[in-house]
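In terms of my numbering, the sequence shown has 269 at position 114, counting the first letter as 1, and numbering is strictly consecutive. Using N, Cα and C, we set each Cβ at its ideal position, and we do this for glycine too. Here the structure is laid out as structure tokens; the discussion comes afterwards.
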Amino acid sequence: MRGRRVAFNGDGSQSGYSALRAAVAPLAEGDRFFADSLKSGGHLASMELVAAGTADLAAVDAVCWGLARRHRPELAAPLRVLCRTATTPGLPLITAARRDDGEVAAIRAAVDETLADPALASARADLLLQGIEVRADADYDAIAEMARGAESRGYPSLI
156 MRGRRVAFNG DGSQSGYSAL RAAVAPLAEG DRFFADSLKS GGHLASMELV
206 AAGTADLAAV DAVCWGLARR HRPELAAPLR VLCRTATTPG LPLITAARRD
256 DGEVAAIRAA VDETLADPAL ASARADLLLQ GIEVRADADY DAIAEMARGA
306 ESRGYPSLI
């Protein structure tokens with residue numbers, strides 16, 4: 156893909172920008188890797204650009220790829236996975252910092268209960284939701300380390 160056109164969500168996207176930058180950094184050898192880039196604004200738009208031949212490559216998170224394969228098979232059909240980037244935690248569910256431990260526990264219990272509701276099994280399947288996991292803040296350090304690794308290789312920007 157050296158010298159090709161890449162589609163990316165936006166420079167603040169972990170899965171649609173930073174993960175790809177980290178994967179390409181060792182190959183770029185401190186130089187520009189892609190000849191051109193298109194800021195798509197989102198995973199679906201990036202897939203559409205690649206499917207149309209307007210871009211040659213895009214990074215798409217596994218959930219969006221799975222959803223496209225399930226709900227937009229006509230979009231996913233002309234696309235293929237070239238490789239997978241390093242695994243990082245998914246997006247966190249957040250609430251206000253002012254919430255006390257009791258409120259946080261109640262919110263988590265409500266989410267768990269909703270995800271376990273048999274009446275919502277079809278909706279969960281459609282959204283590829285299997286559950287939630289409470290992660291330590293330190294688990295997200297992998298994302299910053301990925302960015303630092305690309306920068307240390309002389310690749311501070313995907314484009």
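Contact belief for residue i with residue j at Cβ below 8 Å, rounded distance in angstroms
i, j, result
"LEU313", "PHE163", "6 Å"
"MET301", "ALA217", "So it is not a contact: roughly 16 Å between Cβ atoms."
"ARG176", "ALA305", "5 Å"
"GLU203", "LEU230", "7 Å"
"LEU283", "GLY221", "5 Å"
Candidates the options, of which the one nearest residue i by Cα
i, options, result
"SER192", "LEU212, LEU230, MET301, PRO233", "LEU212"
"THR240", "ASP292, ASP281, VAL215", "VAL215"
"MET156", "ASP267, GLU268, PHE188, GLY286", "PHE188"
"ALA223", "GLN285, HIS198, CYS238", "HIS198"
"ARG116", "ALA252, GLU229, PRO247, GLU268", "One cannot answer for residue 116 here, as it falls past the ends of the chain, which runs 156 to 314."
"TYR295", "VAL161, ARG160, GLN169", "GLN169"
N-terminal and C-terminal residue of the beta strand (DSSP E) that residue i is part of
i, result
"VAL96", "The question about residue 96 has no answer here: the residues shown for the chain are numbered 156 through 314."
Whether residue i touches residue j by CB criterion (9 Å)
i, j, result
"ALA141", "GLY158", "Residue coverage of the chain in this structure runs from 156 to 314, which leaves residue 141 outside it and unanswerable."
"ALA180", "ARG279", "no"
"SER201", "GLY171", "yes"
"THR243", "ILE298", "yes"
"ILE287", "VAL266", "yes"
"GLY165", "GLY196", "yes"
"ALA183", "TYR310", "yes"
"HIS226", "ASP272", "no"
"ARG253", "ILE262", "no"
Unbroken alpha helix (DSSP H) run spanning residue i, endpoints
i, result
"ASP296", "296–307"
"LEU193", "Here LEU193 belongs to no alpha helix (DSSP H); instead the beta strand (DSSP E) covers 191–194."
"ARG224", "217–226"
"VAL342", "Residue 342 lies beyond the residue range present for the chain, which begins at 156 and ends at 314; the question has no answer from this structure."
"MET202", "198–207"
"VAL266", "256–271"
"SER277", "276–282"
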